[in-house]
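Residue numbers (the working numbering): 454 to 724. C-beta: ideal position from N, C-alpha, C; glycine also. Bear in mind that the values here come from a model prediction, so they are computed numbers and not experimental data.
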């Protein structure tokens with residue numbers, strides 16, 4: 454599939470439309486967390502989308518982070534014709550359900566956000582019309598949710614993802630959510646992507662993972678790639694020069710969205 458992704462990128466380079474997709478900010482009530490949560494919804498202009506990509510932000514970000522980091526995402530949505538939803542995942546949720554009632558973001562996305570979006574926008578409600586990816590904390594979150602909810606997602610990815618949290622036990626508020634790593638290693642293992650690969654069922658998920666070679670998450674992404682390869686779990690793995698920053702993500706989203714465009718296109722061709 455990688456050769457098709459590169460062909461798509463070459464093709465769209467000279468085809469990005471001058472007009473842009475419709476960008477809405479919606480509010481979704483989370484009954485589980487007893488609060489309203491915002492999300493950005495990017496819809497292709499003058500075209501009915503049937504598929505949806507859920508695009509997760511990183512640590513300290515919010516629902517608007519992706520359109521600020523990569524403004525051309527609107528043109529990509531118009532070109533590919535599927536909808537993109539960027540939910541607010543909290544400052545430091547890592548997209549887990551934790552013991553505190555105000556941090557139930559796994560439940561929010563899988564049981565509250567997806568049904569709301571599909572009712573509101575009349576997009577496809579089967580798993581082959583859903584994909585999920587994200588950056589950094591959101592890259593971890595996307596794979597974490599996809600591995601645990603293969604009934605919901607057929608396609609998943611990660612860019613610069615924190616796919617193994619254990620080498621960073623004192624960073625990014627994680628021990629506030631999970632406890633101290635040295636006291637609760639089993640809890641940390643249960644909440645890190647690289648320890649959940651056993652959940653992936655044969656031919657269940659199509660995966661695309663990328664990371665910059667100067668990124669502090671580069672080694673953990675390599676380790677995940679090696680483990681997936683060892684376990685014979687098909688996936689696409691791309692490395693490019695780049696750091697853990699917006700400049701890299703504004704570039705990597707082109708590859709991510711091209712991958713999911715090909716996935717959705719292949720599924721539609723089978724119908």
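**OP:** Starting from residue 662, trace the beta strand (DSSP E) both ways and give me its first and last residue.
**Re:** Numbered from its first residue, the chain shown carries residue 662 at position 209. Residues 659-665.
Original post:
Where residue 718 and residue 663 are concerned, what is the direct C-alpha to C-alpha distance, given to the nearest angstrom?
Top reply: Position 265 of the chain shown, counting from 1, holds the residue named residue 718. Position 210 of the chain shown, counting from 1, holds the residue named residue 663. Going by the C-alpha atoms only, they are around 21 Å apart.
**OP:** Return yes when the Cβ of residue 703 is within less than 8 Å of the Cβ of residue 522, no when it is not.
**Re:** Working through the chain shown from its first residue, we reach residue 522 at position 69. Working through the chain shown from its first residue, we reach residue 703 at position 250. Closer than 8 Å, so yes.
Original post:
How is the beta strand (DSSP E) around residue 629 delimited, first residue to last?
Top reply: Here residue 629 is taken as the residue at index 176 of the chain shown, counted from 1. Looking at the DSSP string, residue 629 is not in any beta strand (DSSP E); the run it does join, the alpha helix (DSSP H), is 627-631.
Original post:
Which stretch, first to last residue, makes up the alpha helix (DSSP H) that contains residue 528?
Top reply: Against the chain shown, residue 528 aligns to sequence position 75. Its alpha helix (DSSP H) spans residues 526-533.
Subject >> CA nearest to the CA of residue 612, picked from 563, 698 and 491 >> reply: Working through the chain shown from its first residue, we reach residue 612 at position 159. Minimum Cα distance to residue 612 is reached at 698.
Original post:
Taking three-plus beta-carbon pairs below 8 Å as touching, is the stretch 496-513 in contact with the stretch 521-541?
Top reply: At 8 Å Cβ cutoff, the stretches touch.
**OP:** Could you spell out the range, first to last residue, of the beta strand (DSSP E) harbouring residue 489?
**Re:** For the purposes of this step, residue 489 is taken as residue 36 along the chain shown, with counting starting at 1. Element bounds for residue 489: 488-496.
Subject >> Cβ pair residue 606, residue 585 closer than 8 Å >> reply: On the chain shown, residue 606 is found 153 positions in, with the first residue counted as 1. On the chain shown, residue 585 is found 132 positions in, with the first residue counted as 1. Result yes, Cβ atoms of residue 606 and residue 585 sit closer than 8 Å.
Original post:
What's the gap between the Cα of residue 619 and the Cα of residue 564?
Top reply: Counting from one through the chain shown, the residue named residue 619 turns up at place 166. Counting from one through the chain shown, the residue named residue 564 turns up at place 111. Cα to Cα, the separation comes out at about 28 Å.
**OP:** Output yes or no for whether 8 Å exceeds the beta carbon distance between residue 484 and residue 506.
**Re:** Taking the chain shown and counting its residues from 1, the one referred to as residue 484 is at position 31. Taking the chain shown and counting its residues from 1, the one referred to as residue 506 is at position 53. No. Outside cutoff.
Original post:
Does the beta-carbon distance from residue 577 to residue 503 come in below 8 Å?
Top reply: If you number the chain shown from 1, residue 577 lands on position 124. If you number the chain shown from 1, residue 503 lands on position 50. Closer than 8 Å, so yes.
Original post:
Which term fits residue 655, buried or exposed, when burial requires 16 or more other beta carbons within 10 angstroms of its beta carbon?
Top reply: If you number the chain shown from 1, residue 655 lands on position 202. Exposed, by the Cβ-count rule.
Subject >> Distance, residue 475 Cα to residue 592 Cα >> reply: For the purposes of this step, residue 592 is identified with residue 139 of the chain shown, where counting begins at 1. For the purposes of this step, residue 475 is identified with residue 22 of the chain shown, where counting begins at 1. Taking the straight line from one Cα to the other gives about 25 Å.
Original post:
Residues bridged to residue 481 by DSSP?
Top reply: Within the chain shown, residue 481 is the residue found at index 28, counting from 1. The partner list for residue 481 (beta bridge, DSSP) reads 490.
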